[in-house]
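Here is the structure we will look at.
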Amino acid sequence: MTCREPALDRVFFELGPLTVYWYGVIIAAGAFLGLWLATREADRLGLNKDLFVDLIVFAIPIAIISARIYYVIFEWDRYDGGTWWDVFAIWEGGIAIHGALIGSVVTAIIFARVRKVSFWQLADIAAPSIILGQAVGRWGNFMNQEAHGGPVSQAAYDNFLQYLPDFITNQMCIGGVMYHPTFLYESVWNLIGLVLLLVLRRFNPRRGEVFLSYVIWYSIGRYFIEDMRTDSLYIVGQLRTAQVISIVLVILGIALIIYRRYSGRADRLYNGRKV
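Numbering (my numbering), first residue to last: 978 to 1252.
This is how it looks when you write it as structure tokens:
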């Protein structure tokens, strides 16, 4: 295992004092792809697609802020004693998807109440967009050489990692050591989840179940991939925050599907028709 070429530059372009990083460009690309997907589906279902344009105006900045707050809280020792602006340096990486999801869901709930539309309908339409955005966004971690796993063993390299494209191998070769590209594992897991969600909604399930299926699918993958990462956030000791949250979300997602069905709250199908 050798590094054949230098790592890719994480700077997209510089214009005087302005520096634009690939991280931000890729995150933005994922958001716009997700918006495109959601507006197409909203239009197909006869819903005002401008709802999602309006929603994303609020949801994206709040998601970024909540993702950063979540990360800083669990990494406070890293920022304590440093300069105050380090807390805001998101272009250096350091945002947590679970924090972004919390901010996005709270924003969507408030938005749905103000606009007098169903939160579950918005969430179902948005679910494939969210997981698509996550799949694309993980490549921002790739450019920053972060969110990777531990060192690759010779056996793992010989069995399958040797077949990765050189640009991935080179980027994951840090300080002469190749690390597991966990960003890639999660991106692939999310793309598979995207396909499954698109198939699921064709079967017209109960309202809310596309979104809850996303929560369950993503959380299962995140639990196992998180165990490989070297930059995990910890609640206490060696208890990884993302794994605890993932377990809670899987249980909550399954419980909500069952509860909503048997309580009669899931009385509409995905396409809006009564059950």
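All C-beta atoms, glycine included, are put in the ideal place defined by N, C-alpha and C.
Asked	Found
Using the Cβ count rule (16 or more neighbours within 10 Å means buried), how would you classify Ile1074?	buried
Is the separation between the beta-carbon of Ala1044 and that of Gly1076 shorter than 7 Å?	yes
For Pro1128, which residues does DSSP report across the bridge?	Tyr1156
For the alpha helix (DSSP H) that contains Val1034, what are its first and last residues?	1027-1051
Provide the residue span of the beta strand (DSSP E) that contains Phe990, from first to last.	988-992
In chain order, what are the residue ranges of uninterrupted alpha helix (DSSP H) at least 4 long that sit wholly in the segment 1149-1218?	1159-1179, 1186-1203
Which residue marks the beginning of the beta strand (DSSP E) containing Leu995, and which one marks its end?	995-998
Could you give the first and the last residue of the continuous alpha helix (DSSP H) run that contains Ser1081?	1074-1092
Starting from Phe1119, trace the alpha helix (DSSP H) both ways and give me its first and last residue.	1096-1121
Spatial neighbours of Asp1204 within its chain, please: CB distance less than 8 Å, with the 5 preceding and 5 following residues excluded, ordered by chain position.	Arg1217, Gln1220
Do three or more CB pairs link the segment 1221-1230 to the segment 1190-1206 at distances below 8 Å?	yes
Just to confirm before moving on: does the CB-CB distance between Tyr998 and Phe989 stay below 7 Å?	yes
Take Ile1042 and list the residues in its own chain whose beta-carbon comes closer than 8 Å to its own, dropping the five residues that flank it on each side.	Gly1080
With a CB to CB cut of under 7 Å and the five nearest residues on each side skipped, what residues in its chain are close to Val1113?	Ile1003, Ala1006, Gly1007, Leu1010
Does the beta-carbon distance from Leu1175 to Pro1105 come in below 7 Å?	yes
Go ahead and label Asp1101 buried or exposed: buried means 16 or more other beta carbons lie within 10 angstroms of its beta carbon, across all protein chains shown.	buried
List the whole-angstrom C-beta distance separating Ile1224 from Tyr1247, where the pair is believed to meet the contact cut-off of C-beta under 8 Å.	Not a contact, Cβ separation roughly 27 Å.
Answer yes or no: do His1125 and Tyr1156 have a C-beta to C-beta separation smaller than 7 Å?	yes
DSSP puts Arg1245 in a beta bridge; with which residues?	Lys1251
Within the same chain, show all residues whose beta-carbon is closer than 8 Å to that of Leu1028, passing over the 5 residues directly before and after it, in chain order.	Ala1019, Arg1092, Val1094, Leu1099
In this structure, does DSSP put Leu1014 in helix, strand or coil?	helix
How many Å lie between Phe1088 and Ile1169 at the Cα?	29 Å
Spatial neighbours of Val1213 within its chain, please: C-beta separation below 7 Å, excluding the five flanking residues on both sides.	none
Taking Cβ to Cβ, would you say Arg1245 is nearer than 7 Å to Arg1178?	no
Looking only at C-alpha atoms, which of Thr1146, Ile1037, Val1129 sits nearest to Glu982?	Thr1146
Pull up the distance between the alpha-carbon of Asp1208 and that of Ile1151, whole angstroms please.	14 Å
Closest to Phe1051 by C-alpha separation, out of Tyr1211, Arg1238, Ser1240, Ile1234, would be which residue?	Tyr1211
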